[in-house]
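Single-structure report; data block below.
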Amino acid sequence: MKKKSKYRPREIKDPIQTAINRATCLTDQECDDLLGKFEQAAKNMLSDSRTQDDYVALTAGIRVSDAIEKSGIVRGLKSAIDDAMLTAERMATGAAASHDDEEALKWWLKLHRYQLKQLSRNELDTIVERLKAQERNGHENKVVPSSDTGRTIVNRMGCFAFL
24 MKKKSKYRPR EIKDPIQTAI NRATCLTDQE CDDLLGKFEQ AAKNMLSDSR TQDDYVALTA
84 GIRVSDAIEK SGIVRGLKSA IDDAMLTAER MATGAAASHD DEEALKWWLK LHRYQLKQLS
144 RNELDTIVER LKAQERNGHE NKVVPSSDTG RTIVNRMGCF AFL
């Protein structure tokens with residue numbers, strides 16, 4: 024006699040709509056929603072009112088941008104991403120903002136918008152899930168399978184930045 028399997032397929036209410044939503048590129052509104060948090064964090068980091076939360080949000084966005092670069096979907100932006108990360112780290116130490124710092128963050132924001140416009144929702148979710156899994160496991164360079172459970176990433180200090 025055959026044992027009954029405990030596996031039950033996940034129910035999808037509208038498979039066609041789900042497929043369409045996961046395969047489409049991000050809209051301008053979705054890009055604005057995602058980048059709004061990073062733009063505010065960058066503005067605060069350049070002013071005197073910077074906080075740890077601003078640093079966490081900004082570096083989370085830069086790390087997503089770097090992961091998109093490493094995935095091979097949008098290539099050739101590594102120097103701008105590295106400049107933005109160095110600027111964020113320098114600003115976190117309390118250094119005064121220079122014109123070069125402002126330009127590096129503005130340029131990164133423009134390029135990150137371009138990156139997001141090239142991705143589908145599924146690709147973005149997969150990249151973010153990989154970052155989450157790497158942070159949970161403590162292995163930044165290890166490739167970890169991802170699942171589609173959300174869009175929250177954790178930075179190195181254990182703080183959350185919501186995307």
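To convert a position in the sequence shown, counted from 1, into the numbering used here, add 23. Each residue gets a CB set at the ideal place from its N, CA and C atoms; glycine is no exception.
Asked: Quick one: grab the DSSP three-state call for S12.; Found: Residue 12 is absent from the model: the chain starts at 24 and stops at 186.
Asked: So the alpha helix (DSSP H) D89 belongs to, where does it begin and stop?; Found: Q75 to S94
Asked: Here's the rule: buried if 16 or more other CB atoms are within 10 angstroms of the residue's CB, otherwise exposed. What is G99?; Found: exposed
Asked: Can you give me the C-alpha to C-alpha distance between K155 and A83, rounded to a whole angstrom?; Found: 11 Å
Asked: Distance check for D105 and L128, CA to CA, integer angstroms please.; Found: 11 Å
Asked: Taking 7 Å as the limit between beta carbons, can you name the residues of its chain near L134, skipping five residues before and five after?; Found: L100 and A103
Asked: Rounded to a whole number of angstroms, what is the C-alpha to C-alpha distance between E125 and N160?; Found: 34 Å
Asked: Closest to C198 by CA distance: which of A90, P38, R153 and L142 is it?; Found: Because the chain is modelled from 24 through 186, residue 198 falls outside the range shown and cannot be assessed.
Asked: Check the DSSP bridge columns for C48 and list the partner residues they point to.; Found: S143
Asked: Starting from the Cα of S72, find the closest Cα among A118, L109 and I39 and give me that residue.; Found: A118
Asked: Does the separation of the CB atoms of A107 and S88 fall below 9 Å?; Found: yes
Asked: Measuring straight from C-alpha to C-alpha, what distance separates A115 and Y78?; Found: 7 Å
Asked: Pull up the distance between the alpha-carbon of R60 and that of A80, whole angstroms please.; Found: At residue 60 the sequence reads Lys, which differs from the Arg that was named. Spanning the two alpha carbons is a distance of roughly 7 Å.
Asked: Cα separation between Q52 and H122?; Found: 29 Å
Asked: With distance defined between alpha-carbon atoms, name the residue in E92, W131 and A42 nearest to L109.; Found: W131
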